[in-house]
Every structure is written in C-alpha cells, then in structure tokens.
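For the sequence shown, full-length UniProt numbering gives the first residue as 1, with consecutive numbering after it. Inspection log for the structure reproduced underneath, given as structure tokens.
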Amino acid sequence: MTSVREVRSRADLKRFIRYPFERYRDDPNWVPPLLLAERRRFDPKKNPFFRHARMYLFLAERNGEVVGRIAAVDDDNHNETHGDNLAFFGFFEAADGEAARALFARVEERARRLGREAVRGPANPSMNEGAGFQIDAFGKMPYVMTPYNPPEYPRYAEEAGYRKVKDLYAWHFERSQRLGERIARLAGRVRKRHNPTVRPVDPGRFNTELALVKRIYDEAWEKNWGFVKYTDAEFEALARELRLILDPDLALFVELEGRPVGLGLCLPDANQVFKRMRGRLLPFGILAFLKRRSTVDRLRLAILGLLPEHRNKGLEVLLIDELYRRAMPKGYQSCECSWVLEDNRAMNRGIEASGATLYKTYRLYEKEVRRG
Numbered sequence: 001m002t003s004v005r006e007v008r009s010r011a012d013l014k015r016f017i018r019y020p021f022e023r024y025r026d027d028p029n030w031v032p033p034l035l036l037a038e039r040r041r042f043d044p045k046k047n048p049f050f051r052h053a054r055m056y057l058f059l060a061e062r063n064g065e066v067v068g069r070i071a072a073v074d075d076d077n078h079n080e081t082h083g084d085n086l087a088f089f090g091f092f093e094a095a096d097g098e099a100a101r102a103l104f105a106r107v108e109e110r111a112r113r114l115g116r117e118a119v120r121g122p123a124n125p126s127m128n129e130g131a132g133f134q135i136d137a138f139g140k141m142p143y144v145m146t147p148y149n150p151p152e153y154p155r156y157a158e159e160a161g162y163r164k165v166k167d168l169y170a171w172h173f174e175r176s177q178r179l180g181e182r183i184a185r186l187a188g189r190v191r192k193r194h195n196p197t198v199r200p201v202d203p204g205r206f207n208t209e210l211a212l213v214k215r216i217y218d219e220a221w222e223k224n225w226g227f228v229k230y231t232d233a234e235f236e237a238l239a240r241e242l243r244l245i246l247d248p249d250l251a252l253f254v255e256l257e258g259r260p261v262g263l264g265l266c267l268p269d270a271n272q273v274f275k276r277m278r279g280r281l282l283p284f285g286i287l288a289f290l291k292r293r294s295t296v297d298r299l300r301l302a303i304l305g306l307l308p309e310h311r312n313k314g315l316e317v318l319l320i321d322e323l324y325r326r327a328m329p330k331g332y333q334s335c336e337c338s339w340v341l342e343d344n345r346a347m348n349r350g351i352e353a354s355g356a357t358l359y360k361t362y363r364l365y366e367k368e369v370r371r372g
C-alpha cells in the first residue's frame, strides 16, 4: 500500500531531490539536474519565488522505499494576475499508477485546505519554468530547461480526473542549406519593408541590457495565457544562472528607428554537457563544463518575442534568420524553438514559415477540487 507524507526535514528534502535519479536510472535520455541548483530551488532563503508563493512537498512511499514525489504550489502572483483561485502541482514523478493516484489526491486535499477551487499543472514551479507533460516525441534527450517525462504520466493525470487546459508547442529546425535560403528570402522582404536593425546583447552593459530584456519580455508576453511577470529578484537570479551557458552572439535585439521592439535568445543546449556531469557541478564540474562546452551542437530558441504593436510585420522571421546566420558558423546542427502556446497563431505561422517542423507538444492539465 502506498502512503504519502509531507517533506518536513532536510533528510526528506534530500530524498525528494534524489528520487528522479532513481526513477530514471535506466533511461538513456534523461538528463540529471544539477544538485546544487535543485537545493537552491527548494530553499526559501535562496529562491525569490518563495517571496510570493509557497511550495508543499510530498513523498510517496511503499515498503519503506520512495515511489514518487509531487509539490503543491500556491502562487499569489498567478492568482492575482489572472483572477484565478487555483493551486499548481509540479515536480511530479511516480513509479506506477497507484503512487500517482495517491500523490494527486494529496495535492488536491492541500488545495482544498488552502481554499483553492482547481489544481493545474505540471508547473515546476511556475509557467516561467518547466511546464506541461510531454505527450509525444518520446525517446529523445530533452533540450535545456524543458520538461521530460515517461509516456505514461499524461495517462496518470487523466485517470485521476485531470483534463487538458492548454497545449504548448515545440518546433524543430535542422541545419540545411535549403532552410537557410528559405529563411533568408523571407527575412530579405522584411528588411526592405521595415528597415530594421539587429544587434547582440552587450555583455559589458549587463545590468542595463538585462533591464531592457525584462521590459521587452514583460510587454511581449503580458497578454499570453498563464503568463506571470518575473519579479526583479527572480529575473536577476535567472540571469545569473544563464550567464554560464549564454552565448552573447545569440541574444539579439531587433530595433526600429533606434528603439528595441523585439528579442530573440538561443541557448546552447547545456544538457549535452550536464548529462555527463551526473548532477554534480563541484568541485570540478565548472571546469568540466567549460571544457566540454565546445562539443555542444544543439540550440534552444528559448525567447522569441515582439512588442504587441510590432507583431505581424515578419520581424520574428528576421530574428530567426539573424540567429541562424550567427549560429551556423559555430557548428550547431539543430535547434528547438519552445515553447509556443497552441493558440498563438501569429508566432506559430511565423516559425512554420521559416521552415521549422512541429515535433513535440507539452500539455497542461486542470481539475476542479471545490469542496462539497
């Protein structure tokens, strides 16, 4: 019989963080997270997310062994932004259906105790980070900062009464001369029509550029379903983490008449290196990462956004073209563009026009949990 208990001690937290290493021990595509980053993620003193949210962590156990984990997340910023009254589930892992049912039931019980009317997820811990269960394109190593799960997890959620609330798309580019020519042709028309300027982020003006990135990000995504602005502290913490893997040549602003109106950011797929580090960054992990960084040949287009008044001008294709031109001499072979809301038709059309293939879907689920 499976029992579920709340994480109360440092030993419990260690088991919570370590469980995926057991769950995916024989999975050749799973990428171990950095343990140092995971400990920071769940530390209220170090993670600014806790300034506006609470996480309740649970372990599922059977015969003295951990067989699953889940978090109930109560995010004030989300509920205030969207006028919702819901909690999230996240960091879900389960050995089997029995463990999954017990974990979902515990999160739903906590949500009711908090006075929430629904549970949505997975969000790890928010829509700004890993969100959704992968529902297709299994058998591939995930790109950096994207979710990964076995094929059965969506079924576990559906069997527990959860229903689809939104799909998030991932598009895929493969290096080819034909693709490059197609993007260049479309981008050329945009250049003639709008006379834009594209420039890379200036690392020497990091704080100033970071503030500009955040302003564009907030305005470009403000009306998107489920979007919640990063706080300044959260954005600064994210930027510090990304500096280790960021390639400044692949972080671009597009400007019209000298004013930045859009942003494109490709991240080298650090998962190709992290996979070999087995979760350990210290004492020699940073040196190992820097040494192996040159072997990375995949990119993730993590941000592609335009200010609302400058959409439908083809500028997203221009950014893709500029990123493609700058990435190819560096030896990159493929790129995932993720994620894009299923109903963001303008962005999906622009990416598809550039020659990308829709190849992966992440799904968010929701269940009503009202009392009585």
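We put the beta carbon where it would ideally sit given N, CA and C, even for glycine. Computed from a prediction, not measured in an experiment: that's the story for all the values here.
Exercise. Is Phe138 buried or exposed, if buried means 16 or more other CB atoms sit within 10 Å of its CB?
Worked result: Position 138 of the sequence shown, counted from the first residue, corresponds to residue 138. Exposed, since its Cβ has fewer than 16 Cβ neighbours within 10 Å.
Problem set entry | 6 Å CB neighbourhood of His78 in its chain, flanking five on each side removed | Counting from 1 along the sequence shown, the entry for residue 78 is found at position 78. Beyond the five residues adjoining it in sequence on each side, His78 comes within less than 6 Å, by CB distance, of Val228 in the same chain, given in chain order.
Problem set entry | Rounded Cβ spacing between Gly305 and Gly262 (contact assumed at less than 8 Å) | Indexing the sequence shown from 1 puts residue 305 at position 305. Indexing the sequence shown from 1 puts residue 262 at position 262. Confirmed, about 6 Å.
Exercise. Using a Cβ-Cβ cut-off of 8 Å (strictly less than) and excluding sequence neighbours within five positions of Asn224, which residues of its own chain qualify?
Worked result: Residue mapping note: residue 224 aligns to position 224 of the sequence shown, counting from 1. For Asn224, where only same-chain residues beyond five positions count, the Cβ hits under 8 Å are Leu341, Asn344.
Exercise. Under 7 Å between the Cβ atoms of Val4 and Ala102?
Worked result: Within the sequence shown, numbered from 1, the residue matching residue 4 stands at position 4. Within the sequence shown, numbered from 1, the residue matching residue 102 stands at position 102. Val4 is a Cβ neighbour of Ala102, given a cutoff of 7 Å.
Exercise. Who are the near neighbours of Arg62 in its chain, counting only those whose CB is closer than 6 Å to its CB and skipping five residues on each side?
Worked result: Along the sequence shown, read from residue 1 onward, the residue named residue 62 stands at position 62. Sequence-distant partners of Arg62 (beyond 5 residues in either direction) whose C-beta falls short of 6 Å from its own C-beta, in its chain, are Thr2.
Exercise. So the alpha helix (DSSP H) Ala99 belongs to, where does it begin and stop?
Worked result: Counting from one through the sequence shown, the residue named residue 99 turns up at place 99. Bounds of the alpha helix (DSSP H) holding Ala99 are 97-113.
Exercise. Nearest to Tyr332 by CA position, among Pro196, Asp247, Lys192, Ala99, is which residue?
Worked result: As a position in the sequence shown, residue 332 is number 332, starting the count at 1. For the set Pro196, Asp247, Lys192, Ala99, the Cα lying nearest the Cα of Tyr332 is the one of Asp247.
Problem set entry | Proximity to Arg292 [Cα-Cα], best of Leu301, Lys275, Pro308, Asn149 | To locate residue 292, count along the sequence shown from 1; it is residue 292. The alpha carbon of Arg292 has as its nearest neighbour, out of Leu301, Lys275, Pro308, Asn149, the alpha carbon of Lys275.
Problem set entry | Residues bridged to Gln134 (per DSSP) | The residue given as residue 134 occupies position 134 in the sequence shown. Looking at the DSSP assignment, Gln134 forms a beta bridge with Tyr362.
Problem set entry | Three or more C-beta pairs below 8 Å linking the region 200-209 and the region 238-256 | Three or more pairs of CB atoms, one per stretch, sit closer than 8 Å, so the region 200-209 contacts the region 238-256.
Exercise. Closest to residue 386 by CA distance: which of Ile183, Arg185, Leu319 is it?
Worked result: Because the chain here runs from 1 to 372, residue 386 falls outside it and cannot be looked at.
For this session: For Gly68, count neighbouring C-beta atoms within 10 Å of its own C-beta (all shown protein chains included) and say buried if the count is 16 or more, exposed if not.
Result: Position 68 of the sequence shown holds residue 68. Counting the other Cβ atoms within 10 Å of the Cβ of Gly68 gives 16 or more, which makes it buried.
For this session: Just mark Pro44 as buried or exposed, buried being the case when its beta carbon has 16 or more other beta carbons within 10 Å.
Result: What you label residue 44 is simply residue 44 of the sequence shown in a count that begins at 1. The residue is exposed, with fewer than 16 neighbouring Cβ atoms inside 10 Å.
For this session: Answer with buried or exposed for Ser294, where buried requires no fewer than 16 other C-beta atoms within 10 angstroms of its C-beta.
Result: As a working note, residue 294 is residue 294 in the sequence shown. Counting Cβ neighbours within 10 Å, Ser294 comes out exposed, since fewer than 16 surround it.
For this session: Decide if the region 92-101 is in contact with the region 28-41; the criterion is three or more beta carbon pairs, one per stretch, under 8 Å apart.
Result: The region 92-101 vs the region 28-41: no contact.
Problem set entry | Sequence-distant residues of the same chain with beta carbon closer than 6 Å to Leu301, five excluded per side | Your numbering for residue 301 matches position 301 in the sequence shown. Once the five neighbours on either side are set aside, the close Cβ partners of Leu301 are Cys266, Cys335, Cys337.
Exercise. Is it buried or exposed for Glu6, if we count other Cβ within 10 angstroms and need 16 for buried?
Worked result: Numbered from 1 along the sequence shown, position 6 holds the residue referred to as residue 6. Exposed is the label assigned to Glu6, since fewer than 16 other Cβ atoms lie within 10 Å of its Cβ.
For this session: Decide if the region 148-157 is in contact with the region 165-178; the criterion is three or more beta carbon pairs, one per stretch, under 8 Å apart.
Result: Short answer: they don't touch.
Exercise. With a CB to CB cut of under 6 Å and the five nearest residues on each side skipped, what residues in its chain are close to Tyr162?
Worked result: For the purposes of this step, residue 162 is taken as the residue at position 162 of the sequence shown. For Tyr162, the CB contacts under 6 Å within the same chain, skipping 5 residues up- and downstream, are Tyr365, Lys367 in chain order.
Exercise. Quick one, which of Phe49, Asp84, Asp269 has its alpha-carbon nearest Gly115's?
Worked result: Position 115 of the sequence shown, counting from 1, holds the residue named residue 115. Of the listed residues, the one whose Cα sits closest to Gly115 is Asp84.
Exercise. Looking at the structure shown, is Tyr156 part of a helix, part of a strand, or coil, going by DSSP?
Worked result: Indexing the sequence shown from 1 puts residue 156 at position 156. Helix, per DSSP.
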